[in-house]
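A short worksheet on the structure shown next.
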Amino acid sequence: MSDINKKLDLIREEFSIFSDPRDKYIYLVDLAKASKGLPPNDKLENNRVQGCTSQAWVVRENKDDQLYFKTDSDAMIVKGLLSLIERSFNGHSAGEIIKIDGSKFLESVGLDRAISSQRTNGFSNAINKIQKEILG
(Lines of atoms letter the chains of each structure in order from A; the text may use other names.)
(Lines give C-alpha, C1' and ligand atoms only; values in the text may rest on other atoms or scores of the structure.)
Protein backbone atom coordinates (compact mmCIF):
# COMPACT_ATOMS: atom_id res chain seq x y z
CA MET A 1 0.00 0.00 0.00
CA SER A 2 1.41 3.39 -0.98
CA ASP A 3 1.82 6.23 1.46
CA ILE A 4 -0.93 8.10 -0.40
CA ASN A 5 -3.33 5.22 0.23
CA LYS A 6 -2.37 5.27 3.91
CA LYS A 7 -3.20 8.99 4.02
CA LEU A 8 -6.53 8.31 2.29
CA ASP A 9 -7.30 5.65 4.91
CA LEU A 10 -6.59 8.16 7.69
CA ILE A 11 -8.91 10.71 6.06
CA ARG A 12 -11.60 8.03 5.76
CA GLU A 13 -11.24 7.30 9.49
CA GLU A 14 -11.65 11.00 10.30
CA PHE A 15 -14.84 11.30 8.27
CA SER A 16 -16.23 7.96 9.48
CA ILE A 17 -17.06 9.46 12.88
CA PHE A 18 -19.79 11.52 11.19
CA SER A 19 -22.96 9.61 10.34
CA ASP A 20 -24.84 12.70 9.15
CA PRO A 21 -23.66 14.15 5.81
CA ARG A 22 -24.23 17.66 7.20
CA ASP A 23 -21.57 17.01 9.81
CA LYS A 24 -19.17 16.02 7.03
CA TYR A 25 -19.92 19.35 5.32
CA ILE A 26 -19.25 21.21 8.56
CA TYR A 27 -15.92 19.39 8.91
CA LEU A 28 -15.02 20.29 5.30
CA VAL A 29 -15.76 23.94 6.08
CA ASP A 30 -13.50 23.68 9.13
CA LEU A 31 -10.75 22.25 6.92
CA ALA A 32 -11.28 25.13 4.48
CA LYS A 33 -10.96 27.69 7.27
CA ALA A 34 -7.67 26.08 8.33
CA SER A 35 -6.33 26.10 4.75
CA LYS A 36 -3.92 28.89 3.85
CA GLY A 37 -5.35 29.18 0.34
CA LEU A 38 -3.51 31.04 -2.39
CA PRO A 39 -2.34 34.63 -2.79
CA PRO A 40 -4.18 36.58 -5.51
CA ASN A 41 -1.20 36.41 -7.90
CA ASP A 42 -1.55 32.58 -8.02
CA LYS A 43 -5.24 32.71 -8.94
CA LEU A 44 -4.46 32.70 -12.64
CA GLU A 45 -6.42 31.12 -15.46
CA ASN A 46 -3.76 28.44 -16.08
CA ASN A 47 -4.03 27.38 -12.40
CA ARG A 48 -7.83 27.27 -12.53
CA VAL A 49 -9.67 23.94 -12.37
CA GLN A 50 -11.91 23.70 -15.43
CA GLY A 51 -15.34 22.11 -15.07
CA CYS A 52 -15.78 23.14 -11.45
CA THR A 53 -18.93 25.11 -10.68
CA SER A 54 -16.99 27.31 -8.25
CA GLN A 55 -13.73 29.07 -8.83
CA ALA A 56 -10.94 26.67 -7.86
CA TRP A 57 -7.18 26.75 -8.35
CA VAL A 58 -4.30 24.30 -7.98
CA VAL A 59 -0.63 25.31 -7.98
CA ARG A 60 2.18 22.74 -8.13
CA GLU A 61 5.74 23.01 -6.87
CA ASN A 62 8.54 20.50 -7.47
CA LYS A 63 11.11 19.97 -4.73
CA ASP A 64 13.70 17.19 -4.90
CA ASP A 65 11.57 14.80 -7.00
CA GLN A 66 8.60 15.37 -4.74
CA LEU A 67 5.51 17.38 -5.57
CA TYR A 68 3.69 19.87 -3.39
CA PHE A 69 0.34 21.48 -4.08
CA LYS A 70 -1.43 24.59 -2.89
CA THR A 71 -5.13 24.95 -3.54
CA ASP A 72 -7.92 27.45 -3.09
CA SER A 73 -11.56 28.03 -3.98
CA ASP A 74 -14.19 30.70 -3.52
CA ALA A 75 -16.53 28.02 -2.10
CA MET A 76 -15.77 26.70 1.38
CA ILE A 77 -16.84 23.09 0.72
CA VAL A 78 -14.66 22.96 -2.41
CA LYS A 79 -11.76 24.57 -0.57
CA GLY A 80 -12.10 21.91 2.13
CA LEU A 81 -12.17 19.15 -0.49
CA LEU A 82 -9.10 20.58 -2.23
CA SER A 83 -7.25 20.65 1.08
CA LEU A 84 -7.61 16.85 1.06
CA ILE A 85 -5.63 16.77 -2.19
CA GLU A 86 -2.85 18.79 -0.57
CA ARG A 87 -2.83 16.52 2.44
CA SER A 88 -2.82 13.34 0.36
CA PHE A 89 -0.43 14.28 -2.45
CA ASN A 90 2.11 16.67 -0.89
CA GLY A 91 5.56 15.17 -0.57
CA HIS A 92 4.95 12.34 -3.05
CA SER A 93 6.45 11.51 -6.40
CA ALA A 94 4.75 12.00 -9.74
CA GLY A 95 4.59 8.21 -10.17
CA GLU A 96 2.65 7.76 -6.93
CA ILE A 97 0.19 10.54 -7.75
CA ILE A 98 -0.45 9.26 -11.28
CA LYS A 99 -1.58 5.89 -9.86
CA ILE A 100 -4.47 7.46 -7.92
CA ASP A 101 -7.86 7.13 -9.59
CA GLY A 102 -9.36 10.63 -9.37
CA SER A 103 -12.87 9.33 -9.88
CA LYS A 104 -12.48 7.06 -6.84
CA PHE A 105 -10.73 9.53 -4.50
CA LEU A 106 -13.88 10.71 -2.70
CA GLU A 107 -15.18 7.15 -2.49
CA SER A 108 -11.88 6.03 -0.96
CA VAL A 109 -12.24 8.59 1.85
CA GLY A 110 -15.93 7.90 2.38
CA LEU A 111 -17.28 11.15 0.94
CA ASP A 112 -18.78 9.90 -2.31
CA ARG A 113 -22.34 9.80 -0.96
CA ALA A 114 -22.06 13.03 1.01
CA ILE A 115 -20.93 15.26 -1.87
CA SER A 116 -23.14 16.41 -4.75
CA SER A 117 -22.43 15.07 -8.22
CA GLN A 118 -21.42 18.56 -9.41
CA ARG A 119 -18.80 18.83 -6.69
CA THR A 120 -17.68 15.25 -7.28
CA ASN A 121 -17.12 16.02 -10.97
CA GLY A 122 -15.27 19.24 -10.16
CA PHE A 123 -13.09 17.43 -7.64
CA SER A 124 -12.25 14.73 -10.18
CA ASN A 125 -11.36 17.51 -12.63
CA ALA A 126 -8.90 18.92 -10.08
CA ILE A 127 -7.14 15.56 -9.77
CA ASN A 128 -7.20 15.12 -13.55
CA LYS A 129 -5.62 18.59 -13.95
CA ILE A 130 -2.83 17.62 -11.56
CA GLN A 131 -2.20 14.32 -13.30
CA LYS A 132 -2.22 15.85 -16.80
CA GLU A 133 0.28 18.51 -15.73
CA ILE A 134 2.53 15.83 -14.21
CA LEU A 135 2.48 13.86 -17.43
CA GLY A 136 3.34 17.04 -19.31
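Residue 80 in the working numbering sits at position 80 of the sequence shown; the count goes up by one each step and never skips.
Glycine included, every Cβ here is placed at the ideal spot set by N, Cα and C.
Since this is a predicted model, take the numbers as computed values, not measurements.
**Study point:** Rounded C-alpha distance that separates Ser-2 from His-92
**Key:** 10 angstroms
Check your understanding: When we look at the beta-carbon of Asp-72 and count the other beta-carbons within 10 Å, is it buried (16 or more) or exposed?
Key -> buried
Practice item. Jot down the residue ranges of each uninterrupted alpha helix (DSSP H) in the segment 72-125, minimum 4 residues, whole runs only, in chain order. Key: 76-89, 94-98 and 105-108
Review point. So, are the CB atoms of Val-29 and Gly-95 less than 7 angstroms apart?
Key: no
Review point. Distance, Cα to Cα, Ser-108 vs Lys-7?
Key: 10 angstroms
Check your understanding: Going by the CB atoms, is the gap between Ser-35 and Ser-88 shorter than 7 angstroms?
Key -> no
Exercise for review: For Gly-136, count neighbouring C-beta atoms within 10 Å of its own C-beta (all shown protein chains included) and say buried if the count is 16 or more, exposed if not.
Suggested key: exposed
Exercise for review: Evaluate Arg-113 with the Cβ neighbour count: other Cβ atoms within 10 Å of its Cβ, from every protein chain shown; 16 or more gives buried, anything less gives exposed.
Suggested key: exposed
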